[in-house]
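**Student:** Below is the structure I would like to discuss, written out as structure tokens.
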Amino acid sequence: MLGRYADNLYWMARYLERAENTARKIQAGLHYSITSKENNNDLLKFLIEDQDQKIFKNKFNDFSLHNVLNYLINDEDNENNIKNLLHKARVNGKIVRTGLTREVSNSLNQSWSSTQKLLDSPIKINNLPDIIEKVLNTGTVFRGSVYGTMLRNDTFNFIRIGTFIERSNNTASILNTKYYRILLRKTVLVSKIDYNRWEILLRSLSAWRSFNWLSGEYLDPAAITNFLIFDERMPRSLSFCNKEILSNLSYLQKTYKKKYQSFNIAKKTQNSLTSGIIRTVHNKKLYNFIKKYTENNENLHFMITRDFNLV
Amino acid sequence: MYDEMLNKSGKKSNEVYRKLYSWLHDQNSAVLLKQSNKAEELFRKVGITFNVYEDDKAEERLIPFDLIPRIIEKKEWDFVKKGIAQRLKALNLFLKDIYFDQKIIKDGVIPSKLINNNSAFKPQMCGFYPPGGIYIHVSGVDLIRTSKKNFYVLEDNLRVPSGSSYMIENRSTMMHMFPELFTKYNVKNVYDYPDQLIKSLKKCSGNLSHTANLAVLTPGIYNSAYFEHSFLADEMGVNLLEWRDLIIDNNKVVIKTTKGKEIIDIIYRRIDDDYLDPLTFNPDSLIGLPGLFDVYRSGNLILANAPGTGIADDKAVYSYIPEIIKFYLAEKPILKNVKTWRCSEENSLKYVLNNLEKLVVKEVHGSGGYGMLIGPTSSKSEIKKFRKKLISRPNNYIAQPTIALSTVPILTEKGISPRHVDLRPFALMSPNEIHITDGGLTRVALKKNSLLVNSSQGGGTKDTWIID
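Chains as they are written, first to last, in the numbering used here: chain D, 3 to 313; chain U, 59 to 526.
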């Protein structure tokens with residue numbers, strides 16, 4: 003496969019996953035704003051990535067739902083707004099059209115034509131459920147058609163690697179937010195407010211229900227952390243994502259009959275995710291763990307680019 | 059005016075359309091219109107779009123699709139095929155001649171300045187014999203019809219003609235929407251076009267033919283025909299490349315793949331000559347691969363079509379085609395040529411200027427319906443403006459009589475109504491064969507009485523059925 007193709011496949015999957023992750027964050031924020039009596043817009047702050055906080059503050063006075071969602075959906079100063087991400091995913095998809103099944107490329111075209119009007123500014127809160135549903139649906143149909151119709155060849159591998167690198171990046175960055183770490187300082191949940199905060203965090207990873215299902219009503223911070231990092235049943239946990247990355251890299255090694263540095267990096271990460279279950283999560287220890295993980299993920303991205311001639 | 063479905067009385071259908079005609083009468087027109095919207099949605103879903111350039115802005119549009127098929131009998135079609143094959147054979151010989159001995163000029167059949175002063179003539183090709191002797195690997199000759207038996211060639215399109223993907227997608231759409239219609243007629247298959255294309259290109263590479271590595275070269279996703287480029291690459295199962303993918307390594311063209319480097323032997327390029335290699339062609343070009351032409355001339359690469367074919371479909375050369383066929387094949391042309399006045403000649407220019415309101419005037423190097431004048435449908439001020447352009451650069455224009463293209467039925471909001479059409483069949487040339495797919499692209503002027511079928515000018519397309 004042409005190296006540039008692999009790059010387009012990889013980024014198509016990453017941008018779509020990123021759009022979907024953003025939509026989940028908005029969904030969690032919306033849920034929180036509607037249901038919570040707490041009048042604290044600052045809680046919506048964590049929906050904006052740390053590195054974007056400055057850009058946001060320059061533009062908006064406060065973290066109101068309206069401001070946050072406009073920023074995330076179609077603000078032109080935010081390069082990673084949903085509209086832009088869907089556009090970039092489609093452009094990448096258009097370039098590699100020849101490598102995709104008709105079902106997969108249809109899913110990209112359809113999402114594009116069905117969301118374009120909705121995503122034109124300004125965003126109304128009433129339109130939000132529709133937007134979120136369409137974006138989440140795009141991701142689901144895309145992954146479903148990839149999984150159900152594509153040959154299990156290198157094309158498939160690069161798409162899957164893109165999806166899971168992006169997804170694990172997202173989970174890691176949520177684990178790394180200040181909010182998450184502040185919440186961890188308290189070992190016992192003291193108030194309804196804390197409860198709300200954990201809820202919004204878990205909801206942004208679509209993990210609220212599954213966590214409750216697995217551990218009952220009790221929101222223990224260490225349990226949540228273990229769940230998001232180590233639980234292989236949870237499709238957004240670091241462990242789950244890395245396992246997928248590793249298996250796709252291993253397939254590429256077999257197909258191309260070569261050994262790759264990127265495989266070694268993913269393998270090392272996988273070891274760290276299966277051996278050292280964190281029983282009690284101290285702020286510092288978690289911080290270091292996530293920092294290391296994020297660095298490894300960046301390194302992995304770089305190595306994949308080099309190993310397979312991605313542009 | 060010749061209608062392909064209805065006879066002269068306008069009340070009865072011609073034999074070949076009879077079953078379709080009665081089927082159309084049985085349909086509820088509201089249901090048909092609904093189907094028409096469904097077809098549009100299908101095209102959008104698949105992403106069959108093209109880009110239109112207006113005021114520096116590119117916009118993605120659908121080519122309107124009309125769902126009434128156009129039917130052509132096999133007997134008439136065989137005649138057309140014979141005519142196209144004859145024309146292409148002569149034009150390939152013509153190209154070889156003008157890039158070697160220029161016998162046709164020496165014998166006084168065509169004037170030297172028509173070739174040697176023409177920007178479509180590429181002196182870089184002189185003395186180089188392309189692999190297999192083929193210049194025109196792919197062509198899309200535009201035909202119009204004025205009666206049951208009379209077909210005229212309007213343009214030869216020997217550079218990088220588009221439309222084959224629409225020929226195939228239109229068929230897929232029709233089969234998806236009206237499967238029962240296909241049980242009424244024995245329609246010839248068009249799906250083998252990509253397979254024939256790959257076979258035909260590989261046949262030019264001699265010993266290499268089985269292992270030859272083929273790729274399609276596109277200017278990129280913003281090109282108006284990008285859908286087609288990716289469609290053909292996909293159907294042929296080959297790489298779709300852009301300039302940035304190509305490297306010259308050891309006098310070969312190489313790409314970087316996920317596994318390592320790979321040599322490319324045949325490039326089906328969908329890019330104009332001038333942008334191929336800035337060292338050889340247009341030095342101002344920002345795209346292209348410096349040194350590509352050297353690889354080509356050393357025989358390590360096949361380019362399809364060969365550079366320099368544009369001289370053979372030049373609109374001024376067009377008027378000489380009957381003589382060209384006679385000169386190389388000693389045959390009478392099977393397909394007619396439209397009478398053409400070369401405005402570079404004083405007498406012709408005079409005639410054209412006196413009759414602008416009756417004529418169609420085209421730019422010699424124009425395409426896509428841009429920059430032309432259709433006298434009968436233009437206003438006085440449009441004609442006046444055009445007259446000035448024509449006087450200031452007469453060499454740049456040719457003129458032709460306005461020909462009443464045949465009409466076929468289309469579906470409109472108000473029911474079924476006739477519209478003008480042309481026809482572009484696709485021909486593939488390899489060393490011992492000219493293969494013409496049994497079908498083609500029918501372009502239809504959607505506006506009543508309009509003669510402009512170009513998609514950039516509001517034209518649409520139809521599925522074209524060749525029936526046994």
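Glycine included, every Cβ here is placed at the ideal spot set by N, Cα and C.
What span of residues does the beta strand (DSSP E) with U/Y210 cover, start to end?
**Tutor:** It spans 209-213 - the beta strand (DSSP E) in which U/Y210 sits, taken as one unbroken run.
**Student:** Any Cβ of chain U within less than 9 Å of the Cβ of D/L203?
**Tutor:** So no, D/L203 is outside the interface.
**Student:** Rounded to the nearest angstrom, what separates U/F137 and U/I494 at their Cα positions?
**Tutor:** One C-alpha to the other measures close to 12 Å.
**Student:** Pairs of beta-carbons, one from the stretch 479-493 of chain U and one from the stretch 68-86 of chain U, closer than 8 Å: are there three or more?
**Tutor:** Touching, no.
**Student:** Counting only C-beta atoms, is U/R477 closer than 9 Å to chain D at any point?
**Tutor:** U/R477 does not count as touching chain D.
**Student:** Which chain U residues sit within Cβ distance under 9 Å of D/I163?
**Tutor:** Within chain U, no residue comes near D/I163; the closest Cβ sits about 12 Å away, beyond 9 Å.
**Student:** Rounding to the nearest angstrom, what Cα-Cα distance links D/L88 and D/M14 in this structure?
**Tutor:** Their Cα atoms are separated by approximately 9 Å.
**Student:** Rank D/T276, D/K136, D/L248, D/S274 by C-alpha distance to the C-alpha of D/S264 and give the top, closest one.
**Tutor:** Nearest of D/T276, D/K136, D/L248, D/S274 to D/S264, Cα basis: D/L248.
**Student:** Among U/L347, U/K373, U/P252, U/E134, whose alpha-carbon lies nearest the alpha-carbon of U/Q458?
**Tutor:** Nearest C-alpha to U/Q458: U/K373.
**Student:** Quick check: the Cα distance between D/K293 and D/N178, rounded to an integer number of angstroms?
**Tutor:** Going by the C-alpha atoms only, they are around 8 Å apart.
**Student:** Determine whether the Cβ of D/R99 lies closer than 9 Å to any Cβ atom of chain U.
**Tutor:** Interface residue, yes.
**Student:** Are the stretch 16-34 of chain D and the stretch 138-150 of chain D touching, with three or more C-beta to C-beta distances below 8 Å?
**Tutor:** Yes, they touch.
**Student:** Between which two residues does the beta strand (DSSP E) carrying U/P127 extend?
**Tutor:** Taken as a continuous stretch (DSSP letters only), the beta strand (DSSP E) holding U/P127 covers 123-131.
**Student:** Ordered along the chain, which non-local residues of its own chain (more than five positions away) have a Cβ less than 6 Å from that of U/F186?
**Tutor:** Hits under 6 Å: R355.
**Student:** What are the start and end residues of the alpha helix (DSSP H) that includes D/G31?
**Tutor:** Segment 5-37, the alpha helix (DSSP H) holding D/G31.
**Student:** For U/R102, go through chain D and note every residue whose CB falls closer than 8 Å to its CB, in chain order.
**Tutor:** Neighbours of U/R102 on chain D, chain order: N111, S115.
**Student:** At 7 Å on the CB atoms, spell out the chain D contacts of U/K317, in chain order.
**Tutor:** Ordered by position in chain D, the residues that pass the 7 Å Cβ test against U/K317 are Y258.
**Student:** Could you tell me whether the Cβ of U/L350 comes closer than 9 Å to any Cβ of chain D?
**Tutor:** For U/L350, the answer is no, since every Cβ of chain D falls outside 9 Å of its Cβ.
**Student:** Three or more beta-carbon pairs under 8 Å between the stretch 501-519 of chain U and the stretch 461-481 of chain U, yes or no?
**Tutor:** Touching, yes.
**Student:** What residues from chain D crowd round U/D303, counting only those whose CB sits closer than 7 Å?
**Tutor:** Those within 7 Å of U/D303 in chain D are L4, R6.
**Student:** Quick one, are the C-beta atoms of U/T276 and U/I329 less than 9 Å apart?
**Tutor:** In this structure, U/I329 lies closer than 9 Å to U/T276 by Cβ.
**Student:** According to DSSP, which residues form a beta bridge with U/V311?
**Tutor:** Paired residues: U/I306, U/I322.
**Student:** Does the beta-carbon distance from U/I121 to U/G497 come in below 9 Å?
**Tutor:** No.
**Student:** Taking the straight line between their C-alpha atoms, what separation do you get for D/R154 and D/K260?
**Tutor:** Approximately 18 Å, taken between the alpha carbons.
**Student:** Verify whether the separation of the beta carbon atoms of U/L216 and U/A370 is less than 9 Å.
**Tutor:** In this structure, U/A370 lies closer than 9 Å to U/L216 by Cβ.
**Student:** Strictly below 7 Å CB to CB, what residues from chain D border U/N72?
**Tutor:** By Cβ distance, chain D contributes nothing, its closest Cβ being about 37 Å from U/N72, past 7 Å.
**Student:** With a CB to CB cut of under 8 Å and the five nearest residues on each side skipped, what residues in its chain are close to U/G473?
**Tutor:** Closer than 8 Å at the Cβ level, and outside the excluded window around U/G473, lie S87.
**Student:** Which residue's Cα is closest to the Cα of D/L11: D/T296, D/R235, D/R162?
**Tutor:** Out of D/T296, D/R235, D/R162, D/R162 has the C-alpha closest to the C-alpha of D/L11.
**Student:** Residues of chain D with CB closer than 9 Å to the CB of U/S288, please, in chain order.
**Tutor:** Result: K96, I97, V98, R99, T100.
**Student:** When you compare only the Cα positions, how much space is there between U/Y455 and U/V422?
**Tutor:** Cα-Cα distance, rounded: 5 Å.
**Student:** Show which residues of chain U have a CB atom less than 7 Å away from the CB atom of D/N10.
**Tutor:** What D/N10 touches in chain U: nothing, since even the nearest Cβ is about 10 Å away.
**Student:** Extract the residue ranges of the alpha helix (DSSP H) inside the stretch 234-259 of chain U, only unbroken runs of 4 or more that lie entirely within it.
**Tutor:** Fully enclosed alpha helix (DSSP H) runs of 4 or longer: 239-242.
**Student:** Residues in the stretch 484-505 of chain U with C-beta within 9 Å of chain D's C-beta atoms, listed in sequence order?
**Tutor:** Within the stretch 484-505 of chain U, no residue qualifies.
**Student:** Quick one: what's got a C-beta closer than 8 Å to U/D526's C-beta in the same chain, skipping five residues either side?
**Tutor:** So the qualifying residues of the chain are K132, N244, K246.
**Student:** Specify the secondary structure class of D/N76 as computed by DSSP and reduced to three states.
**Tutor:** DSSP places D/N76 in helix when its eight states are reduced to three.
**Student:** Look up U/G357 in the DSSP assignment and say whether it is helix, strand or coil.
**Tutor:** DSSP places U/G357 in coil when its eight states are reduced to three.
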